[in-house]
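In this note's numbering, the protein residues as written are 319 to 767.
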Ligand SMILES: Cc1ncc(COP(=O)(O)O)c(C=O)c1O
């Protein structure tokens, strides 16, 4: 790497050689790739040496902020000592053991074992294979279909895209694959329903029950559920919905998978959203905040019963070269210990979370804001044009426009369809929360210009 490349040089090389994920390349090359150079705390520094407040914690993951020396030291030490060794074939290293132990102590009581991978997609993909294997070993190979919900996001592999309930993600690839069934997600605003969230949640449960009857419960292996739907638009569950869903799945002998890739490790004010809503899941999938994004790591946690069945099957023919990568696991352990020692989970629950929600909901009367959703340190605002909601079109993309305006005001938020999503690092202070919402306010002032 050259020591001081010009921004222009990097942009041009980027255009020449780099295909970006989730990017409209023509648009990007026209406007110019935004280069981020460094980060500290909740802030990033860009190509123009502008300090930007990161209201999305990278991609909903940099929970401890950008300069956590506990993580960088742990990673450096692990790299020096043993950068890599696999967990295949009866071998192991210390960091993944310690992370698995830490997770088991924080997870709901029936969940005590962890299979590692490298991402949220792989954590869900691993869950899918474990679930197939579990039912097969129990003599029910016909129980293979998977339920997920509209507006869900579960990843980008063939199977996890099939579970993702967003047409923009699955249509371009001719997915979902057979056997992946989408039931309605509890998002009345998203489908223009006149029902309030609670009534809509009840309707979703009735529809889910109907689809289970129609498909046959004995053909359905599991349902994947983000306790708070994230990339689909920040959709917290309506009152009673998750509990009703849990009971419905248990009554039909369908495994409940909590996809906690975004919600775990404090984002909603608990170590696991499964704990917050007492979901008693059969599996939990994790990534992102497990290392605060410092290194890639995914994890699939499974119940004791599933573990016993998998053990009874003998050889477990699944795993990635980097499953339990010791350096990623060292980053995870230092990150989890930092979250614990700084009391970040409690901080979100009783301090910055309520403050953030108060500020978020103070936009309720803003003329460009039609709905506000949020919990803990995650939130969204649905935006409308001057003509109101009826003037929205599939191409209006107000969220993307608003996020551009807010970035000009010094804060990064995410635009999704016609909404903006916010999920800052858990270390954010009250003053930084004020700054975040001041930028949003200033950006929204210009939305109708
Ligand atoms: C809930 C959820 N599950 C799975 C994933 C996929 O994770 P990854 O991008 O690490 O594969 C994401 C990513 O945003 C997510 O939000």
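Every residue gets a Cβ at the ideal spot worked out from N, C-alpha and C, and that includes glycine. What you are looking at is a predicted structure, and each value in this text was computed from that prediction instead of being measured.
Please confirm whether residue i and residue j have their CB atoms less than 9 Å apart.
i	j	result
residue 427	residue 644	no
residue 603	residue 618	yes
residue 516	residue 490	no
residue 289	residue 539	Here the chain has residues from 319 to 767 only, and residue 289 is not among them.
residue 615	residue 605	yes
residue 589	residue 543	no
residue 657	residue 381	yes
residue 449	residue 579	no
residue 360	residue 745	yes
residue 373	residue 357	no
residue 587	residue 666	yes
residue 553	residue 369	no
residue 429	residue 577	no
residue 405	residue 637	yes
residue 642	residue 414	yes
residue 640	residue 435	yes
residue 678	residue 740	yes
residue 432	residue 445	no
residue 703	residue 686	yes
residue 601	residue 620	yes
residue 328	residue 351	yes
residue 297	residue 455	Within the shown structure, residues of the chain are numbered from 319 to 767, placing residue 297 beyond reach of any answer.
Given residue i, which residues of its chain have a CB within under 6 Å of its CB, disregarding the five upstream and five downstream residues?
i	result
residue 724	731, 757, 758, 761
residue 494	480, 488
residue 420	654
residue 729	371, 373, 754, 757
residue 388	652, 656
residue 649	389, 393, 609, 612, 613
residue 570	530, 535
residue 379	606, 607, 611
residue 709	703
Could you tell me if the beta carbon of residue i falls within a distance shorter than 8 Å of some heavy atom in ligand 1?
i	result
residue 438	yes
residue 811	Nothing can be reported for residue 811: it is not among the residues displayed for the chain, which extend from 319 to 767.
residue 605	yes
residue 478	yes
residue 403	no
residue 580	yes
residue 716	no
residue 577	yes
residue 594	no
residue 640	no
residue 465	no
residue 584	no
residue 488	no
residue 723	no
residue 653	no
residue 471	yes
residue 377	yes
residue 442	yes
residue 549	yes
residue 697	no
Name, in chain order, the residues that DSSP records as bridge partners for residue i.
i	result
residue 356	363
residue 463	538
residue 700	689, 737
residue 432	619
residue 577	603
residue 732	739
residue 372	730
residue 547	553
residue 529	DSSP lists no partner for residue 529.
residue 500	466
Considering only residues of the same chain and omitting the five flanking positions on each side of residue i, which have a CB-CB separation below 7 Å?
i	result
residue 497	462, 463, 464
residue 717	701, 733, 734, 735, 736, 737, 738
residue 478	439, 442, 443, 472
residue 520	none
residue 483	466, 467, 468, 469, 470, 500, 503, 550
residue 721	731, 732, 733, 738
residue 752	none
residue 508	469, 551
residue 727	757, 760, 761
Give every residue of the same chain whose Cβ lies closer than 8 Å to the Cβ of residue i, excluding the five residues on either side of it in the sequence, and list them in chain order.
i	result
residue 322	none
residue 412	644
Going by the C-beta, is residue i closer than 8 Å to any heavy atom of ligand 2?
i	result
residue 474	Inclusion of ligand 2 in the displayed structure is not the case, the ligand content consisting of ligand 1 alone.
Examine chain D for any beta-carbon lying closer than 9 Å to the beta-carbon of residue i, and answer yes or no.
i	result
residue 395	In summary, chain D is missing from the structure at hand, where a single protein chain is found.
**Message:** Under 8 Å, with one C-beta from each stretch per pair, do the region 562-572 and the region 525-543 reach the 3-pair mark?
**Reply:** yes
**Asked** Is there contact between the region 339-349 and the region 361-373, where contact requires at least three CB pairs shorter than 8 Å?
**Response** no
**Message:** Quick check: the region 665-672 against the region 691-698, are at least 3 beta-carbon pairs closer than 8 Å?
**Reply:** yes
**Asked** Three or more C-beta pairs closer than 8 Å, one from the region 385-392 and one from the region 653-667: is that the case here?
**Response** yes
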